[in-house]
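Trainee: Quick one: the structure is below, questions incoming.
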Amino acid sequence: MIPSDGRVVSATGVLAQFAAAGVLEAADVHVAKMVTRTGGENDPSVALAVALTVRALRAGSVCLPLDQARPMAHFFVREDDDQAARTDIDALPWPDPLDWLATVVDSPLVGDEDATINSRPLRCVDGAVYLERYWCDQESIRVILAHRAEPLPAVDESALTAALDEFFPGGDQEADQRRAVAAAVRGRTTVIAGGPGTGKTRTISWVVEAMRRQWMAQGETGRIALAAPTGKAAARLTESLRENTAGPSSPAGTQGAGEDAMAVPGQLHAVTLHRLLGARPGRGVSFGPARRLPYDLVVVDEMSMVSLSLMARLLEALSPSTRLVMVGDADQLTPVDAGAVLADITAAGLAGPDPLGGGIVELRHGFRFDSAIAQLADAVRRGDADATLELLRASPEGLQFDELDPGIVELDALPALRRELEVQARGIGHAATSGDGNGAVRALEGHRLLCAHRTGVYGVSRWSAMVQQVQRPALASGSDADPDWFTGRPLLATRNMAELGISNGDTGVVIATPEGPRAAMSNGRSYAPFVLEGIETMFAMTIHKSQGSQFDRVTVVLPGADSPLLTRELLYTAITRARRGVRIIGLREAIVTAVRTPARRASGLTDRLQRTSVRPH
Ligand SMILES: Nc1ncnc2c1ncn2[C@@H]1O[C@H](COP(=O)(O)OP(=O)(O)OP(=O)(O)O)[C@@H](O)[C@H]1O
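Oh and the sequence shown: position 407 is 661 in the numbering used here, straight run, nothing missing.
Structure representation (structure tokens):
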């Protein structure tokens with residue numbers, strides 16, 4: 255059936271055309287050829303559906319709705335593919351969606367929509383093509399969440415009310431947090447969603463404390479685990495709980511928490527989800543349906559970064575009686591891997607009957623800043639381009655909009671940014687030269703320049719070179735013995751070094767010490783250079799890499815309006831990295847495009863959760 259103009263094109267020919275346009279990559283073509291050859295399928299439109307499904311997975315979708323394939327393909331073209339940028343994706347030989355669906359459904363590669371067990375590699379449900387493995391993960395999540403929506407027995411309501419009255423003595427601004435703590439105690443599964451500074455971490459500490467009191471009131475002990483998808487996010491949760499702890503400091507009544515055998519909120523130690531599940535490279539996870547996690551309460555922070563398969567493994571490893579509390583900001587960038595589980599569950603709850611049976615609570619009051627940044631983030635989140643532009647044009651305190659094309663502008667045309675970079679470099683240099691690691695890291699985190707792209711004129715490569723030119727002379731005196739480890743060099747860890755307590759994405763600064771240069775890292779520790787691997791110089795970073803971190807001030811370099819990376823989630827994530835000030839460099843069209851373009855991530859989870867009826871608790 256491809257193409258419609260009657261040319262005879264083999265599967266190889268069709269895949270080659272889509273690959274030449276940058277829509278498919280070698281890996282997608284390879285998988286499609288292998289699957290179709292093994293399954294005895296010769297129809298080129300089926301090969302195309304397989305290749306596009308694999309491509310969609312790598313772009314974060316769980317499935318490929320065939321009638322959405324063409325608009326989705328615009329997001330598949332890689333940022334640095336210049337050849338592809340010149341190809342008209344709509345002019346490719348797209349099959350007619352209805353014919354395409356009929357052919358795919360009839361293919362020997364595709365199992366029955368309702369089959370409990372499907373030995374074929376694909377399944378087509380509600381017009382969307384799934385690789386069977388991802389369909390199984392999605393179904394596993396749906397079924398387990400539906401079972402978990404049943405109410406938990408034996409909540410001591412008087413202990414709960416006493417705790418809530420103590421934590422929240424009054425005030426409307428705490429009403430959502432109160433509801434969240436109550437839902438977490440009463441339900442098996444709770445989502446606590448909210449933007450930055452809405453009190454999510456503080457609420458986690460109240461949940462832990464309220465549960466501790468439940469167990470005490472019932473003469474029981476309870477075990478608690480705290481986890482996050484990345485090492486960096488886990489370290490940040492541990493740290494914030496320490497700073498944010500509510501409630502008394504006696505550990506009575508509880509035992510076994512993550513790694514530490516303590517359960518006072520401020521003394522809990524969060525671990526990565528992989529570690530919690532006992533994941534071993536290439537050998538799956540140690541905990542699952544046959545060996546359940548030994549906890550009564552599991553709290554997962556930064557849920558927006560949890561992928562479909564990780565969520566499936568977590569749910570499968572939970573005993574039905576274990577409470578699960580998922581915390582995160584559903585408007586942020588979604589995981590690099592397929593699936594946006596937090597956004598899907600929250601969307602299901604907001605659009606229809608709550609799939610968790612009453613356990614989705616949105617925290618709406620911002621405690622940290624009632625500032626222009628919060629208003630800007632809210633306008634972006636709502637998709638309101640006019641309000642976003644109006645705020646930027648008014649340039650209230652904390653917001654600056656440099657309406658310039660970042661693809662051609664030089665730092666000389668941005669004197670305020672240049673000055674800020676110079677002052678920051680002097681701060682880093684001064685602390686680094688005097689061996690003050692914490693001071694150097696604090697200065698480094700005072701400002702961060704963020705780009706959407708890694709490469710190209712809008713990317714980290716060009717912008718970090720420009721920042722380096724301004725900052726390098728002010729960082730240190732230039733008398734370093736080892737030019738690779740010059741004093742004041744800003745660092746980025748590009749891999750996890752668990753044994754050193756360093757996570758991929760951690761940053762730091764080279765400081766001068768009597769023993770020679772050392773790397774002072776954001777985890778508060780310093781290291782001799784020779785023990786570190788995968789360390790790079792960092793004068794700017796991608797917005798993706800910055801997720802899970804915050805800085806005093808942020809400069810956001812927007813790409814051109816035609817960038818496939820430009821989405822609402824990207825802009826929202828960039829803005830919300832800042833505590834006190836945001837500067838945006840970009841063209842108005844890029845802002846409008848970003849605000850009006852929600853990330854296209856296909857998934858059947860929201861829809862299927864809404865169709866699963868549960869009883870509210
Ligand atoms: N009910 C409350 N009353 C007063 N202050 C609060 C309340 N809840 C939270 N805060 C304060 O607001 C600030 C932000 O809270 P918290 O760190 O818990 O937010 P968050 O949503 O986890 O933020 P982020 O996602 O940015 O880390 C903290 O200083 C915290 O102590």
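Yeah, the Cβ is synthetic: ideal placement off N, Cα and C, and Gly gets one too.
Please confirm whether any heavy atom of ligand 1 lies closer than 7 angstroms to the CB of THR492.
Mentor: no
Trainee: DSSP beta-bridge partners for PRO813?
Mentor: Answer is none; PRO813 lacks a bridge partner.
Trainee: Mapping DSSP to helix, strand and coil, what is PRO737?
Mentor: Assignment of PRO737 by DSSP, reduced to helix, strand and coil, places it in the helix class.
Trainee: Could you pull the start and end residues of the alpha helix (DSSP H) that MET465 belongs to?
Mentor: 454 to 471
Trainee: Between the Cα of ARG577 and the Cα atoms of VAL595, LEU547 and LEU786, which residue gives the shortest distance?
Mentor: LEU547
Trainee: Mind checking whether SER558 and ALA584 have CB atoms under 8 angstroms apart?
Mentor: yes
Trainee: Note down the Cα distance separating ASP659 from LEU665, rounded to an integer number of angstroms.
Mentor: 12 angstroms
Trainee: Taking three-plus beta-carbon pairs below 8 angstroms as touching, is the stretch 312 to 326 in contact with the stretch 376 to 387?
Mentor: Taking a cut-off of 8 angstroms on C-beta distances, the stretch 312 to 326 touches the stretch 376 to 387, as three or more cross pairs fall below it.
Trainee: Among the candidates PRO768, VAL461 and ALA301, whose CA atom is the shortest distance from the CA of PHE421?
Mentor: VAL461
Trainee: Which value, in whole angstroms, describes the spacing of the CA atoms of ASP591 and ALA471?
Mentor: Taking the straight line from one Cα to the other gives about 42 angstroms.
Trainee: From the DSSP output, in three-state form, read off TYR388 for me.
Mentor: helix
Trainee: According to DSSP, is TYR781 helix, strand or coil?
Mentor: Assignment of TYR781 by DSSP, reduced to helix, strand and coil, places it in the strand class.
Trainee: Find the nearest neighbour of ARG749 within the set PRO771, LEU786 and ASP738, judged by alpha-carbon distance.
Mentor: LEU786
Trainee: At 4 residues or longer, and completely inside the stretch 350 to 434: list those alpha helix (DSSP H) runs for me, N to C.
Mentor: 351 to 360, 386 to 402 and 411 to 421
Trainee: Classify SER503 as buried or exposed, calling it buried when 16 or more other Cβ atoms lie within 10 Å of its own Cβ.
Mentor: Legend: pLDDT at SER503 = 37, less than 50; position of this residue unreliable, no value from coordinates given.
Trainee: Could you work out which residue in GLY713, GLN804 and SER715 is closest to VAL695 when comparing CA atoms only?
Mentor: GLN804
Trainee: Judging by CA-CA distance, which residue of THR741, LEU587 and ARG456 is the nearest neighbour of GLY683?
Mentor: When the alpha-carbon of GLY683 is set against those of THR741, LEU587 and ARG456, the nearest one is in THR741.
Trainee: What do you reckon, is the C-beta of ARG622 under 7 angstroms from a heavy atom of ligand 1?
Mentor: yes
Trainee: One question on the structure: do ALA413 and ARG467 come within less than 8 angstroms of each other, judged by their Cβ atoms?
Mentor: It is a contact, given that the beta carbons lie within the stated cut-off.
Trainee: Taking 7 angstroms as the cut-off, does the CB of PRO483 come closer than this to any heavy atom belonging to ligand 1?
Mentor: Here the distance from the Cβ of PRO483 to the nearest heavy atom of ligand 1 is not below 7 angstroms.
Trainee: How is the beta strand (DSSP E) around GLY481 delimited, first residue to last?
Mentor: A quick correction: the sequence has Ala, not Gly, at residue 481. That run of the beta strand (DSSP E) goes 476 to 482.
Trainee: Once DSSP output is grouped into helix, strand and coil, what is the label at PRO319?
Mentor: Three-state DSSP puts PRO319 in a strand.
Trainee: Pairing CB atoms from the stretch 340 to 359 with CB atoms from the stretch 300 to 311, are three or more of them under 8 angstroms?
Mentor: yes
Trainee: Taking 7 angstroms as the cut-off, does the CB of PRO450 come closer than this to any heavy atom belonging to ligand 1?
Mentor: yes
Trainee: On a CA-only basis, which of ARG743, TRP717 and VAL409 is nearest ALA728? Give me that one, please.
Mentor: ARG743
Trainee: State the start and end residues of the unbroken beta strand (DSSP E) segment that holds ASP656.
Mentor: 653 to 656
Trainee: Kindly identify the DSSP beta-bridge partner or partners of ILE789.
Mentor: ALA747
Trainee: Is the CB-CB distance between LEU653 and LEU646 below 8 angstroms?
Mentor: Judged by their CB atoms, LEU653 and LEU646 are nearer to each other than the 8 angstroms cut-off.
Trainee: Helix, strand or coil for THR526? Go by DSSP, reduced to three states.
Mentor: DSSP places THR526 in strand when its eight states are reduced to three.
Trainee: I'd like the span of the alpha helix (DSSP H) that includes GLY536, first residue to last.
Mentor: Unbroken run through GLY536: none, as it is neither H nor E.
Trainee: How would you label THR860, buried or exposed, when you count the other beta carbons within 10 angstroms and need 16 or more for buried?
Mentor: buried
Trainee: Secondary structure at ASP342, three-state DSSP: helix, strand or coil?
Mentor: coil
Trainee: Quick check: does the Cβ of LYS454 come within less than 7 angstroms of any heavy atom belonging to ligand 1?
Mentor: yes
Trainee: Decide if ARG291 is buried, meaning its Cβ has at least 16 other Cβ atoms within 10 Å, or exposed.
Mentor: exposed
Trainee: With a 10 Å radius around its C-beta and 16 neighbouring C-beta atoms as the bar for buried, classify PRO574 as buried or exposed.
Mentor: exposed
Trainee: Between SER459, GLY476 and GLY593, which has its C-alpha nearest VAL581's C-alpha?
Mentor: SER459
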